[in-house]
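Take the sequence shown: its position 56, counted from the start at 1, is 56 in the working numbering, and no numbers get skipped.
Even for Gly, the Cβ is constructed at its ideal location relative to N, Cα and C.
These notes are about the structure you will find just below.
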Amino acid sequence: MELMIESFDAHEDTNATPPAARVSERPVDLVHLARYTLGDAGTEREVLSLFATQSQFLLQRLKTGTDQPSRQRAAQTLKASARGIGAWGVAMAAEQTHVLEGIQVLERRIDEANRFIGALLANA
Numbered sequence: 001m002e003l004m005i006e007s008f009d010a011h012e013d014t015n016a017t018p019p020a021a022r023v024s025e026r027p028v029d030l031v032h033l034a035r036y037t038l039g040d041a042g043t044e045r046e047v048l049s050l051f052a053t054q055s056q057f058l059l060q061r062l063k064t065g066t067d068q069p070s071r072q073r074a075a076q077t078l079k080a081s082a083r084g085i086g087a088w089g090v091a092m093a094a095e096q097t098h099v100l101e102g103i104q105v106l107e108r109r110i111d112e113a114n115r116f117i118g119a120l121l122a123n124a
């Protein structure tokens with residue numbers, strides 16, 4: 001199965017966060033991902049796999065980190081990685097990790113994105 005399932009005509013700027021309405025459509029914006037990877041299915045799979053691993057690692061750093069600067073770096077790294085693949089919900093939740101509830105929301109968004117990624121990779 002090719003991951004690039006939609007045309008990427010008239011798509012948002014790759015650095016911009018899309019409107020909140022788009023966030024709920026899918027855990028990963030496949031149009032953005034295709035644009036980011038220039039439509040190469042192998043690169044899409046690799047980037048998704050890397051994100052799935054990195055997101056879990058960074059979530060643990062956020063949950064167990066003892067100093068604010070290292071937690072902030074983990075949140076910023078996660079936000080940037082999520083934006084790279086179009087996981088807008090994860091990116092938005094990573095911005096809210098300064099409150100305890102933010103980490104819980106982030107954890108749910110990461111789980112949702114990684115289940116979506118797992119299904120895509122299993123069918124690829």
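- Excluding sequence positions up to five before and after residue 27, its CB lies within less than 7 Å of the CB of 87, 89, 112, 113 and 116, all in the same chain and listed in chain order.
- With respect to the 8 Å criterion, residue 80 and residue 62 are not classified as neighbours on the basis of their beta carbons.
- At a cut-off of 4 residues, the continuous stretches assigned as alpha helix (DSSP H) that sit fully inside the segment 14 to 90 are 20 to 23, 30 to 36, 41 to 64 and 68 to 85.
- Per DSSP, reduced to three states, the secondary structure at residue 104 is helical.
- For residue 64, the number of other beta carbons within 10 angstroms of its own is below 16, and it is reported as exposed.
- Distance from the Cα of residue 110 is smallest, within the candidate group 53, 40, 46 and 37, for 53.
- By the neighbour-count criterion, in which a residue is buried when 16 or more other Cβ atoms sit within 10 angstroms of its Cβ, residue 71 is buried.
- Residue 38 is classed as exposed because its beta carbon has fewer than 16 other beta carbons within 10 Å across all chains shown.
- The C-alpha of residue 118 is placed about 31 Å away from the C-alpha of residue 68.
- Distances from the CA of residue 35 to each of 106, 85, 93 and 97 were compared; the closest alpha carbon is that of 85.
- Cβ contact annotation for residue 43 (same chain, cutoff 8 Å, sequence separation greater than five): 37, in chain order.
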